[in-house]
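Undergrad: Below you will find the structure I want to go over with you.
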């Protein structure tokens, strides 16, 4: 990076793995999108999977041979009503609403920089999501999301390719007060932090090539972490086994949950969590000036679904 405003970051969805890019409005132009405001490139790593080769009678290795192309990229940004739907289309392979078996949705990421003396853009291809996270913190002004991806191939260019990019607009960034968490039909009050995490979303299939041959679904696993100022034993009872329980039970009941993101009174996305069970329940800051909180980690089962306007 050679100064503010010198970098660019955009994405487009692929019609098929390493195939043509989407043109949803059929105007003859690829649909490019920005991830959102305050974008961060958490990682962009190319690993050539080198293996050292040795020979008898020689002290040091004599060469290295390249293996699979192993790319990793991660992005964090503020949730924007303008572009978050396309991110969901990428993560949730059933039309942005849920997970289904079969092929994963893939895309391309365009990461470029104007450096002193020229321009360099890396075009990452066959990009498939692995981990996805929505994060709320009452000490931050905005709700953010993060996605970790694998990518199958890349190329570089001396110009920035995407020229017409749909990006966030004023008034459509989700503020912290646009986040709501409901557990067992009740909105959690005095919410401090919440993270909805989904891991192990997709993986590659390999053949006799250094480039992956397809991206398929893995086995997504969802977790909800929530911390709120203690206002009663409702989550403690759930950790015991169910509403009204006064001690740990041999079996536990599931409850429903909902995470809703909104801006200006209009919903941006609603995540339905059909089966929540507390895996761990804690008390924090019982003694002292700080408020008592009860951090709780829930397993989310039954299939996360998403609805957007």
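Numbering (the numbering used here), first residue to last: 1 to 309.
All C-beta atoms in this analysis are idealised placements derived from N, C-alpha and C, irrespective of residue type, glycine included.
The structure presented is a predicted model; accordingly, all values stated were derived computationally and were not measured.
#1: Should the region 108 to 121 be regarded as contacting the region 189 to 200, the criterion being three or more beta carbon pairs within less than 8 Å?
#2: Considering only residues of the region 65 to 144, which uninterrupted beta strand (DSSP E) runs meet the minimum length of 3 residues and lie entirely inside it, listed in chain order?
#3: Measuring straight from C-alpha to C-alpha, what distance separates residue 1 and residue 207?
#4: Less than 8 Å between the CB atoms is what I'm expecting for residue 89 and residue 9, so what's the real figure, rounded?
#5: Among the residues of its own chain, which have a CB less than 7 Å from the CB of residue 37, if the five just before and after it don't count?
#6: Mind reading off the beta-carbon distance from residue 216 to residue 98? Whole number of angstroms is fine, and I expect it under 8 Å.
#7: Inspect the beta-carbon positions of residue 255 and residue 161 and report whether they are closer than 8 Å.
#8: Excluding sequence positions up to five away, which residues of its chain have a Cβ less than 6 Å from the Cβ of residue 310?
#9: Going by C-alpha distance, which of 35, 264, 109 is nearest residue 83?
#10: Near residue 282, what residues of its chain come up, given a Cβ to Cβ distance below 7 Å and the 5 sequence neighbours on each side ignored?
#11: Helix, strand or coil: how does DSSP classify residue 178 here?
#12: Please return the same chain residues whose Cβ sits closer than 7 Å to the Cβ of residue 178, not counting the five positions on each side in sequence.
#13: Considering only DSSP beta bridges, list what residue 45 is partnered with.
#14: For residue 298, which option in 149, 6, 273 has the closest C-alpha, if you only look at C-alpha atoms?
TA: Reading from the atomic positions:
#1: no
#2: 70 to 78, 107 to 115, 118 to 137
#3: Bear in mind that a pLDDT of 47 at residue 1, under 50, signals an unreliable position, so the number given afterwards is only what the model happens to contain. Their Cα atoms are separated by approximately 37 Å.
#4: At roughly 18 Å, the Cβ-Cβ gap does not stay under 8 Å, so residue 89 and residue 9 are not in contact.
#5: 77, 78, 80, 168, 173
#6: No, residue 216 and residue 98 are not in contact; Cβ-Cβ is about 16 Å, not under 8 Å.
#7: no
#8: There is no way to answer for residue 310, as the model of the chain reaches only from 1 to 309.
#9: 35
#10: 294, 295
#11: helix
#12: 143, 261, 262, 263
#13: 72
#14: 273
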